[in-house]
Each structure stands twice: as C-alpha cells, then as structure tokens.
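First the structure, in the form of structure tokens, and then the observations on it.
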Amino acid sequence: MNTPHIKVNLVNRMVKGCHDFDGTRKEDLSFSKMERLTVISHTDDPNWVKARNGKGQEGLIPLDYVTVLQEVKLGSMGWFHGGISREEAEKLLTPREDGFFLVRESTNFPGDYTLCVCFQDKVMRLFIHLEVILDKYKKLTIDDEEDFDTLPSLIEHYEKDADGLCTKLKKFAPNVRFYEAEMKRAFRENNWTIEKCDLTLTDTILGKGEFGDVRLGEFKGQKVAVKTLNDKIFEPEP
Numbered sequence: 063m064n065t066p067h068i069k070v071n072l073v074n075r076m077v078k079g080c081h082d083f084d085g086t087r088k089e090d091l092s093f094s095k096m097e098r099l100t101v102i103s104h105t106d107d108p109n110w111v112k113a114r115n116g117k118g119q120e121g122l123i124p125l126d127y128v129t130v131l132q133e134v135k136l137g138s139m140g141w142f143h144g145g146i147s148r149e150e151a152e153k154l155l156t157p158r159e160d161g162f163f164l165v166r167e168s169t170n171f172p173g174d175y176t177l178c179v180c181f182q183d184k185v186m187r188l189f190i191h192l193e194v195i196l197d198k199y200k201k202l203t204i205d206d207e208e209d210f211d212t213l214p215s216l217i218e219h220y221e222k223d224a225d226g227l228c229t230k231l232k233k234f235a236p237n238v239r240f241y242e243a244e245m246k247r248a249f250r251e252n253n254w255t256i257e258k259c260d261l262t263l264t265d266t267i268l269g270k271g272e273f274g275d276v277r278l279g280e281f282k283g284q285k286v287a288v289k290t291l292n293d294k295i296f297e298p299e300p
C-alpha cells in the first residue's frame, strides 16, 4: 500500500475504512472495511492518527487503510429545504415538470429525508433512510439496493440515471433562503456594502423622490449622494 503524508489537518474529520485493520499493538484501534471513525489527533508519525469509533473506543489507525470523507454542509445545497412541510414542498414544486425536485427533512422520521419529485403531474415522495450498520457505519438509501455515504452523492447519482426511480432528477426547486444568504456573503466579501459608521450624512437635500430624499454625504473623505428611504415604505400594509 502507498504511504501517505499528511498535508492537511484531519482533526474532527470523518474517515471510512477501505480495508479491514486488525491492530497488533495495544494502542491500535481495529476496524472493519466501511466502518466510520472520527480523527481525534495527529501523531509524530505522519502515517498514523488517533481516532474514535462509533462505540467511543479510541486508538491509533493507519491512514493508508482509510479514506477521508468529504465534509458536507446541507445548507449549502440549493436543493435542500430543511424542515419545510409537505404542503410547502408541493407549493414550491410548480409547475409539475417531470424530474423537478427538492429534498426536505422527514417529518415523521427525524434524521431521515424525503425526496419530493414531480412525475406525470404529481409530486412523488420517496423516503431516504439513514441506516446504521452494526453500530459501525451509516448509509443512505432509497431502495435498499444502492447505498451512499452522503446525501449529495445520492442526488448526483439519480441526476445521472433514474436507476429504478420514477424519473431521473432533472432540476431542483432552489432554496431561496440559501441564495439570499449567498448574496449577502458575496456583498460582504467583495466590499459591495459599507459600514454605516463610515458614512456621514448632512442636512443638504440634493433631490426629492416618491420614496425618499437624496442627501449630500461624505464617505472616507469623498462627497457622495445618498438615497434615503421614507419610513412609510417599511410600514406593513393594512
């Protein structure tokens, strides 16, 4: 087997066994192929780390017997809508085009998911089950035939091939909250927004409009025109 060399911090990362490992030393932690473990710390030997299994047992494991699982943040997946209701999901899946889909958290089975997909003008609900095998590793499956380590890998599979589903997944109903958060992040990172404390407004009005006034201001030593909105714009409709 190839001997790896650590270049990244693996602490708190999840790894999965590629082979069975039977430790020969007291400090070794034996594990099975496909078993998941969490890296606790690095060691002086770059080819070994200390890890913990699903039962809370700790010990040293060789890195050439495992693969590092990709970190997945479901909130960054445009097709994931969290804990929305069945009714909300059906409203979002309009029009009912074949393959139009979204994923939500299961209402009846916490920890599991529901794939909602349009087919023949109806919304089909497919149960995605998270199964724990012998307290060692987890898998996601729809039909108990195809197993996946992560929800994104499951979705990617059925976007390529229906593989027993009623239809291939073709396009998703976007999570608007996610895209709003991404837009705000982009504004911050690209300095498209400014801090209010950096802006000074004067009493000089340069112009008036239906929704507010344009006032003279100063931003970092430069004179600028600032559009201010009337308070009534933010009042709720009767």
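Numbering (my numbering), first residue to last: 63 to 300. Beta carbons are placed, not taken as given, at the ideal position from N, Cα and C, and that holds for glycine. Note that the structure is a prediction, hence the values are computed from the model and not measured.
_Inter-residue Cα distance where the pair is Val128 and Lys135_ = 22 Å
*Beta-carbon contacts of Thr229 that lie in its chain and below 7 Å, excluding the five residues immediately before and after*: Asp160, Gly161, Val179, Phe181
*Report whether the distance from the Cβ of Lys282 to the nearest heavy atom of the ligand NAD is below 8 Å.*
As far as ligands go, the structure on display features none, and thus does not contain the ligand NAD.
*Cutoff 6 Å; reference Glu280; Cβ partners in own chain excluding five residues on either side*: Thr262
*Measure the C-alpha to C-alpha separation of Gly46 and Thr105 and round it to an integer number of angstroms.*
The chain is shown from 63 up to 300; residue 46 falls before or after that span and cannot be answered.
*How is Asp265 classed by DSSP in three states: helix, strand or coil?*
The three-state secondary structure of Asp265, taken from DSSP, is strand.
*Counting only the same chain and skipping the five closest in sequence on each side, list residues whose C-beta sits under 7 Å from that of Gly79.*
Phe93, Ser94, Lys95, Met96, Glu97, Tyr127, Val128
*8 Å contact criterion, which Leu155 and Trp141 should meet: CB distance rounded*: Incorrect: roughly 11 Å between the Cβ atoms, too far for contact.
_Residue from Val101, Ala235, Lys222, Leu131 whose Cα sits closest to the Cα of Gly118_ = Val101
*Whole-number beta carbon distance between Leu99 and Ala113, since they are thought to touch under 8 Å*: 4 Å
_Could you pull the DSSP bridge partners for Thr100 from this structure?_
Met76, Arg114
*Are the Cβ atoms of Arg313 and Asp183 separated by less than 9 Å?*
Outside the shown range of the chain, which is 63 to 300, sits residue 313, and nothing can be said about it.
*asked:* In whole angstroms, give me the CA-to-CA distance for Asp260 and Arg239.
replied: 29 Å
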